[in-house]
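J.:
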Amino acid sequence: MEKAQGWQKHYYDRTTKRRKLSVGEKVLVLLPTDSNKLLMQWKGPFETVATVGINDYRINMRGKEKPFHANLLKGYIARDHDASQATTGEGPPTSSSAIPAASVTVIEDLEGEHFNDSDCEALLELGGWGCDETVNDVKYSDELTLDQRRQLEEVALMYSSIFSDRPRTASTAEHCIKLTSSTPVHQRPYPMPYGMRQTLRDELREMEDRESSGRVISLTLLLW
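Mapping of the sequence shown onto full-length UniProt numbering: position 188 corresponds to residue 188, and the numbering continues sequentially without gaps.
Okay, structure coming up:
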């Protein structure tokens, strides 16, 4: 176990930028968002308390010291005096000191050498594949008469298959993906972590239920 952890740390450190932080320096820490633990955002600033090893630092977070890897840290650049006045309200905002307020979201590619930052309101959250809504969840207007409501319910029940939040197979059109080569791609079987096996079985079973078929055998990517 210790040897495996050493190798994991070795490969993890390969994508680390040479970030030299000094004690007392302000930094931003990449942490999960408050609304969704699967999304990350820069939070801070926090103060660097001590250096641990080569790539680890101890950060003072609201009175508690926590260790963080250099990949999760980013130097904090303070705003100028005019911008600080505009945000803290210490002085009247002027046309030169007023700055727009925006939230920051960081998108990082750990395999590359550079980290790309972009500003946006929030990351897109995809809905689940489960069927949570049916024809029984259709809302009807209160202005309809009883006869009109009955007729509308009959029509909705007749086409109940389309009243669902789960994607289904369309028969009116077919999407064709043009590949660069018609030769099927095959790959030898490879081991998969035990914790992902049941999830993969469920996904494959769902693909079979949707009549998904293909001759391509390549890497499997699970999105959590």
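Virtual Cβ for every residue (Gly too), placed ideally from N, Cα, C. Bear in mind that the values here come from a model prediction, so they are computed numbers and not experimental data.
Starting from L30, trace the beta strand (DSSP E) in both directions and tell me its first and last residue.
T.: Residue 30 sits at position 30 when you count from the first residue of the sequence shown. K26 to P32 is the span of the beta strand (DSSP E), which, as asked, contains L30.
J.: Verify whether the separation of the beta carbon atoms of N60 and V49 is less than 7 Å.
T.: As a working note, residue 60 is residue 60 in the sequence shown. As a working note, residue 49 is residue 49 in the sequence shown. Contact: yes.
J.: Can you check whether the CB of R149 is closer than 7 Å to the CB of Y140?
T.: Translated into the one-based positions of the sequence shown, residue 140 becomes position 140. Translated into the one-based positions of the sequence shown, residue 149 becomes position 149. In contact: Y140 and R149 (Cβ atoms closer than 7 Å).
J.: Could you pull the start and end residues of the beta strand (DSSP E) that Y57 belongs to?
T.: Against the sequence shown, residue 57 aligns to sequence position 57. That run of the beta strand (DSSP E) goes D56 to M61.
J.: Below 7 Å between beta carbons: does that hold for Y76 and P45?
T.: Locating residue 76 in the sequence shown gives position 76, where the first residue counts as 1. Locating residue 45 in the sequence shown gives position 45, where the first residue counts as 1. Result yes, Cβ atoms of Y76 and P45 sit closer than 7 Å.
J.: Which residues mark the beginning and the end of the alpha helix (DSSP H) in which T134 is found?
T.: Taking the sequence shown and counting its residues from 1, the one referred to as residue 134 is at position 134. No alpha helix (DSSP H) holds T134; DSSP gives it neither H nor E.
J.: Helix, strand or coil for E65, going by three-state DSSP, please let me know.
T.: On the sequence shown, position 65 is the one that residue 65 refers to. In the structure shown, E65 sits in a strand (DSSP, three-state: E or B).
J.: Specify the secondary structure class of Q187 as computed by DSSP and reduced to three states.
T.: On the sequence shown, position 187 is the one that residue 187 refers to. Of the three classes helix, strand and coil, the one that applies to Q187 here is coil, per DSSP.
J.: With DSSP run on the structure shown, which of helix, strand or coil describes L73?
T.: Counting from 1 along the sequence shown, the entry for residue 73 is found at position 73. L73: strand per DSSP, three-state reduction.
J.: Compute the Euclidean distance between the alpha carbons of residue 226 and L30, then round it to the nearest angstrom.
T.: The shown model of the chain, from 1 to 224, leaves out residue 226, and the question about it has no answer.
J.: Please name the residue or residues paired with Q41 in a DSSP beta bridge.
T.: By one-based count along the sequence shown, residue 41 stands at place 41. Partner(s): L31.
J.: Are any of the Cβ atoms in chain D nearer than 7 Å to that of Y190?
T.: The structure shown has no chain D; it contains just one protein chain.
J.: By the 10 Å Cβ neighbour count, where 16 or more other Cβ atoms means buried, how is Y57 classified, buried or exposed?
T.: Taking the first residue of the sequence shown as position 1, residue 57 is located at position 57. Buried is the call here.
J.: Between T145, S160, D147 and L146, which lies nearest to V138 when the distance is taken from Cα to Cα?
T.: Counted from its first residue, the sequence shown places residue 138 at position 138. Among T145, S160, D147 and L146, the Cα nearest to that of V138 belongs to S160.
J.: With 16 as the cutoff for other CB atoms within 10 Å, does A70 come out buried or exposed?
T.: Sequence index remark: in the sequence shown, residue 70 carries index 70 (1-based). It is buried - the Cβ of A70 has at least 16 other Cβ atoms within 10 Å.
J.: On a CA-only basis, which of R79, L152, T183 and S171 is nearest E211? Give me that one, please.
T.: For this step, residue 211 is matched to residue 211 along the sequence shown. E211 has its Cα closest to that of S171, out of R79, L152, T183 and S171.
J.: Could you compute how far the alpha carbon of P189 sits from the alpha carbon of Q198?
T.: Against the sequence shown, residue 189 aligns to sequence position 189. Against the sequence shown, residue 198 aligns to sequence position 198. Computed Cα separation, rounded: 17 Å.
J.: Pop quiz: V23 and K74 are said to be a contact at Cβ under 8 Å. What is the actual Cβ separation, rounded to whole angstroms?
T.: Here residue 23 corresponds to residue number 23 of the sequence shown, with the count starting at 1. Here residue 74 corresponds to residue number 74 of the sequence shown, with the count starting at 1. Rounded, the Cβ-Cβ distance is 17 Å, inconsistent with contact.
J.: Between L152 and A173, what straight-line distance do the alpha-carbon atoms span, to the nearest angstrom?
T.: On the sequence shown, position 152 is the one that residue 152 refers to. On the sequence shown, position 173 is the one that residue 173 refers to. In a straight line, the C-alpha of L152 is about 27 Å away from that of A173.
J.: Please name the residue in M158, D34 and I54 whose C-alpha comes closest to that of R18.
T.: As a working mapping, residue 18 is identified with position 18 in the sequence shown. Considering only alpha carbons, the answer is I54.
J.: Whole angstroms is fine: what's the gap from R14's alpha carbon to K37's?
T.: Within the sequence shown, numbered from 1, the residue matching residue 14 stands at position 14. Within the sequence shown, numbered from 1, the residue matching residue 37 stands at position 37. About 26 Å.
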